[in-house]
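**Student:**
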Amino acid sequence: MTGEIKPASDHRRAFAILFGVSVATALGNTGMLSVLPAIGRQIGIPDALVAGIFSLSAVLWAVTSPIWARQSDIRGRKPLILLGLAGFSISMLMCALVVSAGLHHLAPPMVIFVLFLLCRALFGGFGSAANPATQAYMAERTTREERTQTMATLAGAFGLGTVVGPLLAPLFVLPGVGLAGPMFAFAIVAAVMMAVVHRGLPETFKPGRGDSPPRHRRFGLPWRGEGAALWKDPRLKPFLIFGFLVASCQTAQTQTLGFLIIDKLGLEPVKAQGFITLAMAAGAVAGLLAQWGLIRMFQMGPRELMRWGVGCAALGNIIVAFAPDYAAVAIGYAIASLGYGFARPGFTAGASLSVDAKDQAGAAGAIAAINGLNVVVAPLFVLLYEKIGWGPFVLNAVILAALLGYALRQAMLRAAGDRDAREEATIAGLERTDEGGV
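Basically our numbering = 1-based index in the sequence shown + 1266.
1) Buried or exposed for Pro1441, please, with buried defined as at least 16 other CB atoms from any protein chain shown within 10 angstroms of its CB.
2) Buried or exposed: where does Lys1537 fall if 16 or more other Cβ atoms within 10 Å of its Cβ makes it buried?
3) Starting from Val1595 and walking both ways along the alpha helix (DSSP H), at which residues does that stretch end?
4) Verify whether the separation of the beta carbon atoms of Phe1320 and Ala1644 is less than 8 Å.
5) Quick one: what does DSSP say Leu1502 is sitting in, helix, strand or coil?
6) Measuring only the C-alpha atoms, how far is Ala1405 from Pro1568?
7) I'd like to know whether the C-beta atoms of Leu1394 and Gly1431 end up nearer to each other than 8 Å.
8) Do Ile1311 and Ile1378 have their beta-carbon atoms positioned less than 8 Å apart in this structure?
9) Evaluate the contact criterion for the segment 1647 to 1663 versus the segment 1535 to 1552: three or more CB pairs, one atom per stretch, below 8 Å.
10) Does the Cβ-Cβ distance between Asn1295 and Cys1515 come in under 8 Å?
11) Hey, would you say Ala1446 sits closer than 8 Å to Ser1323, going by beta carbons?
12) What number of angstroms, rounded off, separates the C-alpha of Val1287 from the C-alpha of Phe1659?
13) Beta-carbon within less than 6 Å of Ala1456's beta-carbon, same chain only, minus the 5 sequence neighbours each way: which residues are those?
14) Please classify Ile1211 as buried or exposed, where buried requires at least 16 neighbouring CB atoms within 10 angstroms.
15) The alpha helix (DSSP H) that contains Val1329, what's its start and end?
16) Give me, in chain order, the residues of the same chain whose beta-carbon lies closer than 6 Å to that of Leu1383; leave out the 5 immediate sequence neighbours on both sides.
17) I need the DSSP call for Leu1666, collapsed to helix, strand or coil.
18) Classify Val1595: buried if its beta carbon has 16 or more other beta carbons within 10 angstroms, exposed otherwise.
19) Put Leu1348 into one of helix, strand or coil per three-state DSSP.
20) Under 8 Å, do Phe1508 and Ala1673 count as touching if we go by C-beta distance?
21) Less than 7 Å between the CB of Ala1280 and some heavy atom of the ligand COA, yes or no?
22) Taking the C-alpha atoms as reference points, what is the distance between Val1621 and Leu1523?
23) Three-state secondary structure (DSSP) at Leu1467?
24) What's the call for Arg1483, buried or exposed, on a 16-neighbour Cβ count within 10 Å?
25) For Leu1372, which of helix, strand or coil comes out of DSSP?
26) My parser needs the alpha helix (DSSP H) runs of 4 or more residues fully inside the segment 1279 to 1327; what are they?
27) With burial defined as no fewer than 16 other Cβ atoms inside 10 Å of the residue's Cβ, what is the status of Val1443: buried or exposed?
28) From which residue to which residue does the alpha helix (DSSP H) around Leu1586 run?
29) Identify the continuous alpha helix (DSSP H) that holds Gln1557 and give its terminal residues.
30) Looking only at its chain, what residues have a beta carbon closer than 6 Å to the beta carbon of Asn1583, apart from the 5 residues adjacent to it on each side?
31) Relative to the alpha-carbon of Leu1346, which residue among Ala1396, Ile1309, Leu1372 has its alpha-carbon at the smallest distance?
32) Could you check the C-alpha separation between Ala1552 and Val1329 for me, to the nearest Å?
33) Residues bridged to Leu1440 by DSSP?
34) Applying the 10 Å Cβ sphere with the 16-neighbour rule, what's the burial state of Pro1303?
35) Would you please state the rounded distance, in angstroms, between the beta carbons of Gly1390 and Val1325? I believe it to be under 8 Å.
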């Protein structure tokens, strides 16, 4: 390495670019999610199948995330981030083409559903590469004291995308492309971010150019992320259980929200889109308030974030379940989103802090996997909604209340952030010394 970029400048540039990657990904996914109920009802796809469009993608995400995490240790973080953005952009473009065909009645609804499912699956298979690589990239470049704030800020980037995505989506519902317009736009945004990452993201490891191999190979350290080891690791398993259930509740509530608002207002799907957008934006703003404001203001650590998070989310679900009107739905969703805005960076940072420096990529892959796999359960909640309108939200509240008890009683969750960091600090120090001398 020639070292033209100063370390502080290098870090700031990397963080800004990865922040942009997170915003672009969330912007596209949430923007798509906000128009899916209207798309499904416009084309004639049953509600539960609309929620199921993400299922195959979610399974592939869960399977491939640990694989891409291992590849990022071998090939470097940057190539995997680029692969993830490419998968996202191509998947979004193909989904837009399929939706356009459905809106113009060029194929039966069930054919459109199958094609949509397969096109979205490209994101699960290849878009999953970016998330663990991004998390591992930042974990390697922060101290333990900085880790929670960094993870919260990256989560805030997703939060910003969830605000902007639903607000932008209606602007791209244009003549000729209709409800497929937002997907075309988000595919372009991802392609632009690929160019930014390619040109601007500093990478310290470049295979085949004489640079050092990943640190766990350099120091002869065993990598406990190999295979499924980290999934069974008692340090990490409680965070994976907690995270999967929290993410499942959030996904179920978000995917059911659009149908609830359409039915509560009694409007045509396209006319209800603005109300769905406003409610989702209110939730995203609440999540940002948590991640960019309250976490810093009160110096909250992983333990507090998990406890307060599931408590607020449970309250918000109860309000949505028995909301008498649209305003109450939006308020309840915002309170729940505030809770998720605490809980998700809480278990992410807690998981990162629970393992050593050599295991960061493996932990990131495991967290990415559970963040994707939870989408599989969403269709079951939509089916429950079709039978009992308040059912999914009450079930969410029960699960979240149980998680509060779990966070209070489980030993690893109670001690989140308190582990002795001497070994990690030693390894991190060796890494910085070696990188400086390459």
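Virtual Cβ for every residue (Gly too), placed ideally from N, Cα, C.
**Tutor:** Here's the rundown:
1) Locating residue 1441 in the sequence shown gives position 175, where the first residue counts as 1. That one is exposed.
2) In the sequence shown, the residue the question calls residue 1537 occupies position 271. By the 10 Å Cβ count, Lys1537 comes out exposed.
3) Against the sequence shown, residue 1595 aligns to sequence position 329. Residues 1592 to 1620.
4) If you number the sequence shown from 1, residue 1320 lands on position 54. If you number the sequence shown from 1, residue 1644 lands on position 378. Yes, the pair counts as a contact, with Cβ atoms nearer than the cut-off.
5) In the sequence shown, residue 1502 corresponds to position 236, counting from 1. The answer is coil: DSSP assigns Leu1502 none of H, G, I, E or B.
6) To locate residue 1405, count along the sequence shown from 1; it is residue 139. To locate residue 1568, count along the sequence shown from 1; it is residue 302. Looking at the two C-alpha atoms, the distance is approximately 15 Å.
7) The residue you call residue 1394 lines up with position 128 of the sequence shown. The residue you call residue 1431 lines up with position 165 of the sequence shown. The identity of residue 1394 in the sequence shown is Ser, whereas the question assumes Leu. No, Cβ-Cβ distance for Ser1394 and Gly1431 is not below 8 Å.
8) If you number the sequence shown from 1, residue 1378 lands on position 112. If you number the sequence shown from 1, residue 1311 lands on position 45. Yes, these two residues count as a Cβ contact at 8 Å.
9) no
10) As a first step, residue 1295 is located in the sequence shown; it is residue number 29 there, counting from the start. As a first step, residue 1515 is located in the sequence shown; it is residue number 249 there, counting from the start. Result no, Cβ atoms of Asn1295 and Cys1515 do not sit closer than 8 Å.
11) Here the question's residue 1446 lines up with position 180 in the sequence shown. Here the question's residue 1323 lines up with position 57 in the sequence shown. Result no, Cβ atoms of Ala1446 and Ser1323 do not sit closer than 8 Å.
12) Working through the sequence shown from its first residue, we reach residue 1287 at position 21. Working through the sequence shown from its first residue, we reach residue 1659 at position 393. Cα to Cα, Val1287 sits roughly 31 Å from Phe1659.
13) Position 190 of the sequence shown, counted from the first residue, corresponds to residue 1456. Excluding residues within five positions, the ones whose Cβ falls inside 6 Å are Ala1290, Leu1351, Phe1354, Ser1355.
14) The question about residue 1211 has no answer, for the chain in this structure spans 1267 to 1704.
15) Reading the sequence shown from its first residue, position 63 is the one you call residue 1329. Start and end: 1321 to 1341.
16) For the purposes of this step, residue 1383 is taken as residue 117 along the sequence shown, with counting starting at 1. Within the same chain, Leu1383 has close Cβ partners Ile1319, Leu1322.
17) Counted from its first residue, the sequence shown places residue 1666 at position 400. Leu1666 falls in the helix class under three-state DSSP.
18) Position 329 of the sequence shown, counted from the first residue, corresponds to residue 1595. By the neighbour-count rule (16 or more Cβ atoms within 10 Å), Val1595 is buried.
19) Position 82 of the sequence shown, counting from 1, holds the residue named residue 1348. DSSP places Leu1348 in helix when its eight states are reduced to three.
20) Numbered from its first residue, the sequence shown carries residue 1508 at position 242. Numbered from its first residue, the sequence shown carries residue 1673 at position 407. Contact flag set, yes.
21) As far as ligands go, the structure on display features none, and thus does not contain the ligand COA.
22) If you number the sequence shown from 1, residue 1621 lands on position 355. If you number the sequence shown from 1, residue 1523 lands on position 257. Straight-line Cα distance between these residues: approximately 36 Å.
23) On the sequence shown, residue 1467 is found 201 positions in, with the first residue counted as 1. In the structure shown, Leu1467 sits in coil (DSSP, three-state: anything other than H, G, I, E or B).
24) In the sequence shown, the residue the question calls residue 1483 occupies position 217. In this predicted model, Arg1483 has a pLDDT of only 40, less than 50, meaning its place in the structure is not dependable; the value taken from the coordinates is given anyway. Label assigned to Arg1483: exposed.
25) Counted from its first residue, the sequence shown places residue 1372 at position 106. Looking at Leu1372 - three-state DSSP - the assignment turns out to be coil, as it is neither helix nor strand.
26) 1313 to 1318
27) As a first step, residue 1443 must be located in the sequence shown, where it is residue number 177. Buried is the call here.
28) Within the sequence shown, residue 1586 is the residue found at index 320, counting from 1. The sequence shown places Val at residue 1586, not Leu. First-last of the alpha helix (DSSP H) with Val1586: 1568 to 1587.
29) The residue given as residue 1557 occupies position 291 in the sequence shown. Unbroken run through Gln1557: none, as it is neither H nor E.
30) Here residue 1583 refers to the residue found at position 317 when the sequence shown is read from its first residue. Closer than 6 Å at the Cβ level, and outside the excluded window around Asn1583, lie Ala1602, Phe1659, Asn1662, Ala1663.
31) Stepping through the sequence shown from its first residue, residue 1346 is reached at position 80. Checked all of Ala1396, Ile1309, Leu1372; the closest Cα to Leu1346 is Ala1396.
32) If you number the sequence shown from 1, residue 1552 lands on position 286. If you number the sequence shown from 1, residue 1329 lands on position 63. Ala1552 and Val1329: Cα-Cα distance of roughly 31 Å.
33) Taking the sequence shown and counting its residues from 1, one reaches residue 1440 at position 174. Partner(s): Gly1444.
34) As a position in the sequence shown, residue 1303 is number 37, starting the count at 1. So Pro1303 ends up on the buried side.
35) On the sequence shown, residue 1390 is found 124 positions in, with the first residue counted as 1. On the sequence shown, residue 1325 is found 59 positions in, with the first residue counted as 1. Confirmed, about 7 Å.
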